[in-house]
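J.: Order-wise, the sequence lines are chains A and B.
Just so you know, the first sequence maps onto residues 1 to 389 in the working numbering.
Just so you know, the second sequence maps onto residues 1 to 263 in the working numbering.
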Amino acid sequence: MKNKHIDKDSGRGKSTAKGGGIKQFYAFVKKEFFHIWRDKRTLFILLGIPITQIIIFGFALTNEVKNSKIAILDLSKEYASQQLIQKISASKYFDYDQRLNAYNEIDPAFKKGKIKMVVVIPQQFGNDLQHINSPKIQLICDGSDPNVATTLATYANAVILDYQMSINQQQKLPYRIESEIRMMYNPELKGAYSFVPGVMALILMLTCAMMTSIAIVKEKEMGTMEVILVSPLKPFGVVVAKAVPYMLLSMVNVMTILLLSVFVLDVPISGNLSLLIGESLLFTITSLALGLLISSVTDSQQVAMLVSLMGMFLPTVVFSGYMFPVENMPVPLQVLSNVVPSKWYYFIVKTIMIKGLGFSYVWKQTLILIGMTILLFALSIKNFKTRLA
Amino acid sequence: MENEKIHSGAGNKTGIINSGKVITAEKLTKKFGDFIAVDHISFEVSKGEIFGFLGANGAGKTTAMRMLCGLSIPSSGKAKVAGYDVYHETEKIKKSIGYMSQKFSLYEDLTVRENIRFYGGIYGLSNKQIADKTQYLAEHLHLTSQQDTLVKSLPLGWKQKLAFSVAIVHEPAIVFLDEPTGGVDPVTRREFWELIYDASEQGITIFVTTHYMDEAEYCNRVSIMVDGRIEALDTPKQLKEKMDCASMDDVFLHLARKAVRGE
């Protein structure tokens, strides 16, 4: 008799759960939006990050080398050297800053720090050019900034080569290889082409993973998490409900970045826009899973933030390949870079947005991201459950 | 009228109207490796009873409470909460209980109204029910003019009363209170206990842990845990008589001194 009663009752309980599931979820999402809305400063920062990042990267930070100050030590002082100097100073890469008169002036010039390169034209330059056909020029670069140094040396070489060709024009050479260079996908070699995808990876990681992990840990700190765990809400539902607002915010950020890059930085979206957005959504979910894992192992907002920064921000910058070429790293680091989700997302965005290629070129990377997402979710749910047991 | 409604509401949800026992535990045990946090505890709590669950820090109170709330699966023993088994029916247990922790568990950046709406919402109350409850609580707690203030600007005592009211907003069969009066002055504590008595009169069972022995006196029955076991269980009056102590403080000290393990 008593059993029968309980059965009947449990049946009713089930139906309320089904009917109320969506409503409970909705109540939670609504509360989450209140949190975000009440904290205007954080909201402002979240929405402002992509704008400032794009502006900083677009106009201030650039790895293109332009107008570098150089000095020239012309010991030959002839017609030929004058011509070469003219060519060099006409180039937009160099700013002919000062003329040196002796070798011992080179060191002080570098020490002042403004000069990035010194071109030394030896005394016998003109003579060698006319008689033995192999004149020598010395390029001394400031190696403390290796990237700039190599770039400058390459540019200078190109100018010198150009000069050489101009004097050779009259003479017929027996053979001559002319290389015609074309930069695919990015004809003007603009830095924006590589950092826009990088900034997208960074922003999505930040807004989604960091904010979700902080939001969850905040509930632990406040003690509200206990109450939620005791409530009939399923932990998985709680987590999804907490993530939904941040996913929406992230999508707003993706749109901001895309609009800014098209209209402010002139970086076109060559590929399929909906594919790009779909992949971004996938990466958002990956970041969210990562944030979840972080929140399941930390108990304070500060720790969550620190772990998020160290665990996601840095690897994204270092290993995704948008700042430093992964190919140049030692093999162990190259292997390590494969576990960084942003590396794959960066590749996908670059392929779709810059190269304009379709899904058939990124399906492998997409699968890797999906795999990572599932793994991260499984890990954090397992963590969650062990904590409960 | 109001009371009657709440009364029948609580009864309906649980399916144990006539059995009288809302919590039954029999040799309930929880082990973490070699460590026995809760060691074969047995007790029963009746409907509408105010049951004090006492013990020094580390005595196993929290672990026992977590098992009863469906948050932790016992290692052995039997227990039923609101008629549901703590091994297999945790989801149903969760629907029939309320919970309030020492941190008051309200959202400080939400208003009074939004907090009620949220907690009502996650227990699946209808909009109508939530609106009625909000109205009722606002009047009952004299918060009518403060409905749209953020919780963080409320005085501590009000927060605490609101937290308790929110914990029973869905009219549960049992409400678990984990040191609910930490950091509150004696006057406010008294007011808080009036709310507890109200709830108990409405048929809600109160399961409360506390460190304040004056509060222990307010309970119908008290159990005192030492090293994972229940060392004493009776009414405060009987306990004092049995141990020949003047106050619950003495009773507690008398028992807690036997503890072998620390925090």
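Built from N, CA and C at the ideal position, the CB exists for glycine as well.
1) Determine the extent of the alpha helix (DSSP H) in which residue 250(A) is found, giving its start and end residues.
2) Give me the Cα-Cα distance between residue 370(A) and residue 282(A), rounded to the nearest whole angstrom.
3) Let me confirm a value: residue 99(A) is counted as buried when at least 16 other C-beta atoms fall within 10 Å, else exposed. Which label applies?
4) Among the candidates 97(A), 123(A), 328(A) and 125(A), whose CA atom is the shortest distance from the CA of residue 112(A)?
5) Over what stretch of residues does the alpha helix (DSSP H) that includes residue 242(B) continue unbroken?
6) In three-state terms, what does DSSP make of residue 85(B)?
7) Could you tell me which residues DSSP puts in a beta bridge with residue 30(B)?
8) Does any residue of chain A bring its CB to less than 7 Å from the CB of residue 99(B)?
9) Hey, how far is the Cα of residue 106(B) from the Cα of residue 307(A)?
10) What span of residues does the alpha helix (DSSP H) with residue 168(B) cover, start to end?
11) Going straight from the alpha carbon of residue 151(A) to that of residue 33(A), what length do you get?
12) Would you list, in sequence order, the uninterrupted alpha helix (DSSP H) runs of no fewer than 4 residues that lie entirely inside the segment 85–155 of chain A?
13) Can a CB atom of chain A be found closer than 7 Å to the CB of residue 3(B)?
14) Pairs of beta-carbons, one from the segment 19–28 of chain B and one from the segment 37–50 of chain B, closer than 8 Å: are there three or more?
15) Which one of 152(B), 220(B), 82(B) and 29(B) has the shortest CA to CA distance from residue 62(B)?
16) Beta carbons nearer than 7 Å to chain A: which residues of the segment 121–146 of chain B have them?
17) Determine the closest residue to residue 247(A) out of 213(A), 296(A) and 360(A), with distance taken between C-alpha atoms.
18) Would residue 243(A) pass as an interface residue toward chain B - the criterion being a Cβ-Cβ separation below 7 Å?
19) Let me know the alpha helix (DSSP H) ranges lying completely inside the segment 184–247 of chain B, each 4 residues or longer, listed in chain order.
20) Does any CB atom of chain B fall closer than 7 Å to the CB of residue 226(A)?
21) Could you spell out where the alpha helix (DSSP H) holding residue 280(A) opens and where it closes?
22) Relative to the alpha-carbon of residue 391(A), which residue among 265(A), 42(A), 26(A) and 162(A) has its alpha-carbon at the smallest distance?
23) Does the beta-carbon distance from residue 159(A) to residue 88(A) come in below 7 Å?
24) Please state whether the Cβ-Cβ distance between residue 322(A) and residue 191(A) is less than 7 Å.
25) In three-state terms, what does DSSP make of residue 148(B)?
26) Can you tell me where the alpha helix (DSSP H) holding residue 48(A) begins and where it ends?
27) Using the beta-carbon of each residue, which ones in chain A are nearer than 8 Å to residue 109(B)?
28) Please go through the same chain and pick out, in chain order, the residues whose beta-carbon is closer than 8 Å to the beta-carbon of residue 72(B), but skip the five residues on each side of it.
29) Helix or strand or just coil, what does DSSP make of residue 323(B)?
30) Could you name the residues of the same chain whose beta carbon sits closer than 6 Å to that of residue 208(A), not counting the 5 residues immediately before and after it, in chain order?
31) Taking Cβ-Cβ distances shorter than 8 Å, what residues in chain B pair up with residue 419(A)?
32) May I have the straight-line CA-CA distance separating residue 145(A) from residue 164(A), to the nearest angstrom?
33) Rank 40(B), 32(B), 52(B) and 39(B) by C-alpha distance to the C-alpha of residue 208(B) and give the top, closest one.
34) Of all the CB atoms in chain A, is at least one closer than 7 Å to the CB of residue 64(B)?
35) Chain B partners of residue 382(A), CB-CB under 8 Å?
36) Could you give the distance in angstroms between the alpha-carbon of residue 51(A) and the alpha-carbon of residue 44(A)?
T.: Let's see:
1) If you number the first sequence from 1, residue 250(A) lands on position 250. For residue 250(A), the enclosing alpha helix (DSSP H) has its first and last residue at 235–263.
2) Counted from its first residue, the first sequence places residue 370(A) at position 370. Counted from its first residue, the first sequence places residue 282(A) at position 282. Each residue's Cα considered, the two are about 7 Å apart.
3) Here residue 99(A) is taken as the residue at index 99 of the first sequence, counted from 1. Result: exposed.
4) On the first sequence, position 112 is the one that residue 112(A) refers to. For residue 112(A), the nearest C-alpha among the options comes from 97(A).
5) For the purposes of this step, residue 242(B) is taken as the residue at position 242 of the second sequence. Counting along the chain, residue 242(B) sits inside the alpha helix (DSSP H) bounded by residues 236–243.
6) The residue labelled residue 85(B) in the question sits at position 85 within the second sequence. Three-state DSSP puts residue 85(B) in a strand.
7) Looking up residue 30(B) in the second sequence gives position 30. Paired residue(s): 38(B).
8) Residue mapping note: residue 99(B) aligns to position 99 of the second sequence, counting from 1. The beta-carbon of residue 99(B) is placed less than 7 Å from the nearest beta-carbon of chain A.
9) Position 106 of the second sequence, counting from 1, holds the residue named residue 106(B). Position 307 of the first sequence, counting from 1, holds the residue named residue 307(A). Going from the Cα of residue 106(B) to the Cα of residue 307(A) covers about 27 Å.
10) Here residue 168(B) is taken as the residue at index 168 of the second sequence, counted from 1. Element bounds for residue 168(B): n/a, residue is neither H nor E.
11) What you label residue 151(A) is simply residue 151 of the first sequence in a count that begins at 1. What you label residue 33(A) is simply residue 33 of the first sequence in a count that begins at 1. For residue 151(A) and residue 33(A), the distance between alpha carbons rounds to 49 Å.
12) 106–112 and 125–131
13) Within the second sequence, the letter at position 3 stands for residue 3(B). Bear in mind that the predicted position of residue 3(B) carries a pLDDT of just 40, short of 50, making it unreliable; the figure below should be weighed with that in mind. No, residue 3(B) lies away from the interface with chain A (no Cβ there is under 7 Å from its Cβ).
14) yes
15) Here the question's residue 62(B) lines up with position 62 in the second sequence. Comparing Cα-Cα distances from residue 62(B) to each of 152(B), 220(B), 82(B) and 29(B), the minimum goes to 29(B).
16) Those would be 121, 122, 123 and 124, in chain order.
17) Indexing the first sequence from 1 puts residue 247(A) at position 247. Answer by Cα proximity: 213(A).
18) Reading the first sequence from its first residue, position 243 is the one you call residue 243(A). It does not; no Cβ of chain B falls within 7 Å.
19) Within the segment 184–247 of chain B, complete alpha helix (DSSP H) segments of at least 4 residues are found at 186–201, 213–218 and 236–243, given in chain order.
20) Walking along the first sequence from the start, residue 226(A) turns up at place 226. So, interface residue.
21) Counted from its first residue, the first sequence places residue 280(A) at position 280. Run containing residue 280(A): 273–297, per the alpha helix (DSSP H) assignment.
22) The requested residue 391(A) does not occur in the structure, where chain A is confined to residues 1 to 389.
23) Position 159 of the first sequence holds residue 159(A). Position 88 of the first sequence holds residue 88(A). Cβ atoms of residue 159(A) and residue 88(A): closer than 7 Å.
24) Counted from its first residue, the first sequence places residue 322(A) at position 322. Counted from its first residue, the first sequence places residue 191(A) at position 191. Against a cut-off of 7 Å, the Cβ pair of residue 191(A) and residue 322(A) comes out as no contact.
25) For the purposes of this step, residue 148(B) is identified with residue 148 of the second sequence, where counting begins at 1. Correct three-state label for residue 148(B): coil.
26) Position 48 of the first sequence, counting from 1, holds the residue named residue 48(A). Looking at the DSSP string, the run of the alpha helix (DSSP H) that includes residue 48(A) is 40–55.
27) On the second sequence, position 109 is the one that residue 109(B) refers to. Per Cβ cutoff of 8 Å: 34, 35, 38 and 39.
28) Locating residue 72(B) in the second sequence gives position 72, counting from the first residue. The answer, listed in chain order, is 30, 63 and 66.
29) Not covered by the structure: residue 323(B). The range shown for chain B is 1 to 263.
30) Counted from its first residue, the first sequence places residue 208(A) at position 208. Excluding sequence neighbours, residue 208(A) sits near 246, 250, 284, 287 and 288.
31) As displayed, chain A neither begins before 1 nor continues past 389, which places residue 419(A) out of reach and without an answer.
32) Residue mapping note: residue 145(A) aligns to position 145 of the first sequence, counting from 1. Residue mapping note: residue 164(A) aligns to position 164 of the first sequence, counting from 1. Between residue 145(A) and residue 164(A), the C-alpha separation is close to 28 Å.
33) Within the second sequence, residue 208(B) is the residue found at index 208, counting from 1. When each option's Cα is compared against that of residue 208(B), the closest is 52(B).
34) The sequence position of residue 64(B) within the second sequence is 64, counting from 1. No, no contact with chain A.
35) By one-based count along the first sequence, residue 382(A) stands at place 382. The premise fails here: residue 382(A) is roughly 16 Å from chain B at the closest Cβ pair, so nothing lies under 8 Å.
36) Taking the first sequence and counting its residues from 1, the one referred to as residue 51(A) is at position 51. Taking the first sequence and counting its residues from 1, the one referred to as residue 44(A) is at position 44. In a straight line, the C-alpha of residue 51(A) is about 11 Å away from that of residue 44(A).
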